[in-house]
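Sequential numbering of the sequence shown, starting at 513, is according to this note's numbering.
C-beta: ideal position from N, C-alpha, C; glycine also.
Since the structure is predicted, the reported quantities are computational estimates derived from the model, not experimental observations.
Here the structure comes first, spelled out in structure tokens, and everything after it is commentary.
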Amino acid sequence: DFIVGVNSLKFGQSHGSSVELLAFKSETQRKFGAPSIMDSGTSCLVIPADHMQGQLSNVPWDDFARNWGKEKSFWLEIGEKTWEIPFSSWYLADTEQTCVQPSPEGMQGLLVGDVFFREYVVEFDMTDSRPIIGIAPLNKQYTPVTKNQLANYELHQAPKAKLSLLKGEEVMYPAEHSETLTAVDRIPIVNQKGTQYFMDVSVGTPAQPFTVIFDTGSTVFGVFSYKDKLPDTIKKELPGYYFSQNLKTLAQSSGGPVAA
């Protein structure tokens, strides 16, 4: 699990008029924040339904239910920055359901699910032993290709699994076998011991190749990449501090979207 500290959680029509749902009893507790799991595999936002072992003077779920209303947003403060979860993300209009839930008994803190990932790109930088989580607004101008290009996509060699956690575990097939399968399966897929499926995709302009897990259990698209292997055209578009060894300090001092 990847956990961040949420220092504030507000709910209302605007940030200025919103109600604080995390009423910490002390400034020290507010500074560390409520432990919050960032999990794209969970659909909703889960907020405390108790006093968090005495850390809070209120019950966040009760205050949310008391102030519930349409067209209201959540504002989370993470890493000294405020991130909005708009009404359109946490309220499912088609089914008229609220995608906000009270925490189960024994759970301390929040669970930030897919309602957050619909609005933001979240980067898990695992370069160092202590991961850094970066957050930036999602560019909603991106659109899928307008014509079918899958029929022309064929492998010339067997796909290579790029997830370091799986090295030494891959069951790979000869390239000829994968090419034969493209005549039936429009997207070449590699089976990981019958439990995981991988496929090669191209993302962005210019196109960048990635090997990704085909997973119906998550509604979010994610890729693993290495900063030093990005194309030069992409590197030129990124701020200089992105390639610094001291990413966290430099990014925060220059207004970057990195949150620890």
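- contact_flag[the stretch 517-527, the stretch 576-585] where n(CB pairs < 8 Å) is 3 or more: yes
- Member of W602, Q565, W595 whose CA lies at the smallest distance from the CA of W580: W602
- Query: In the DSSP assignment, what are the bridge partners of A546?
  - Reply: V518
- Return the residue from the list Q620, A577, V634 that minimises the CA-CA distance to V612. A577
- Message: DSSP three-state label for W573, please.
- Response: helix
- Query: For L622 versus I559, is the C-beta distance shorter than 8 Å?
  - Reply: yes
- Query: What are the boundary residues of the alpha helix (DSSP H) that includes K747?
  - Reply: 744-747
- Message: Strictly by DSSP, which residues pair up with P614?
- Response: I559
- Message: On the CB-based measure, 16 or more other CB atoms within 10 Å of its CB, does T655 come out buried or exposed?
- Response: exposed
- Task: With a 10 Å radius around its C-beta and 16 neighbouring C-beta atoms as the bar for buried, classify V735 as buried or exposed.
- Result: exposed
- Extent of the continuous alpha helix (DSSP H) to which S585 belongs: Looking at the DSSP string, S585 is not in any alpha helix (DSSP H); the run it does join, the beta strand (DSSP E), is 585-590.
- Task: Report yes or no: do the stretch 540-556 and the stretch 619-634 share at least 3 C-beta pairs separated by less than 8 Å?
- Result: yes
- Message: When you compare the stretch 567-577 with the stretch 588-607, are there three or more beta-carbon pairs, one atom per stretch, that lie closer than 8 Å?
- Response: no
- When T745, I515, L568, L742 are compared against K532, the one with the closest alpha-carbon: A quick correction: the sequence has Glu, not Lys, at residue 532. Per the Cα distances, L568.
- Item | Residues of its chain near S615, where Cβ-Cβ distance is below 6 Å and the 5 sequence neighbours each way are ignored | V558, P560, A561
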